[in-house]
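Residue numbers (full-length UniProt numbering): 1 to 120.
Glycine included, each C-beta is placed from N, C-alpha and C at the ideal position.
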Amino acid sequence: YFTWNEMLFPDPKKMSDDIRDQGKEMVTIVDPHIKVSESYFVYTSGVKKDVFVKQVNYRRHPPRTKIFEADCWPGLSAWPDFISPRVRDWWGLFFKPDGLNDNFYAWNDMNEPSVFNVPE
């Protein structure tokens, strides 16, 4: 999410302008699960800002936490902790794309957590 396939959409600004000139709106879709990948800027930003839901291991003393990871549409995923206003502010920053005109809208899909294979 928050990226363009450069092969299919080499000039998002021009595409946005063309769509606006036809009297249409542009809507992109995003989901709240973030692909776990050190090469994905949304994930690395989330790790740096400490925004992801945590899994607690109470068998350790003191208890230890780590980012909760499980499978969803992009594969191994992490979920922002939207209960926190700080996390909601962080998430909102991604909805201000550079270079697109004002006919750009976002469909924030799957507002419920969805995990395909629940870890034990």
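Using a Cβ-Cβ distance cut-off of 8 Å, determine whether M110 contacts chain B. No chain B is present in this structure, which holds just one protein chain.
So, helix, strand or coil for L100, using DSSP? L100: coil per DSSP, three-state reduction.
When we look at the beta-carbon of G75 and count the other beta-carbons within 10 Å, is it buried (16 or more) or exposed? A residue is called buried once 16 or more other Cβ atoms fall within 10 Å of its Cβ, and G75, having fewer, is exposed.
In terms of alpha-carbon separation, which member of R64, R60, K48 and S45 lies closest to K54? K54 has its Cα closest to that of R64, out of R64, R60, K48 and S45.
Run through the DSSP bridge pairs and tell me what W91 is partnered with. DSSP output for W91 lists no bridge partner at all.
Short of 7 Å in beta carbon distance, which residues of its chain neighbour P97, apart from the five on each side in sequence? Order them along the chain. If we look at P97 and ignore the five residues flanking it on each side, its Cβ neighbours are F104.
Complete runs of the beta strand (DSSP E) confined to the UniProt domain "Glycoside hydrolase family 31 TIM barrel" (1–119) [at least 3 residues]: Counting only runs of 3 or more, we get 26–30, 54–57, 64–67, 69–72, 75–78 and 104–108.
For H33, which residues of its own chain have a beta-carbon under 6 Å away from its beta-carbon, when the five flanking residues on both sides are left out? Counting only residues of its own chain and dropping the five nearest sequence neighbours on each side, H33 has a CB closer than 6 Å to the CB of C72, S77 and W79.
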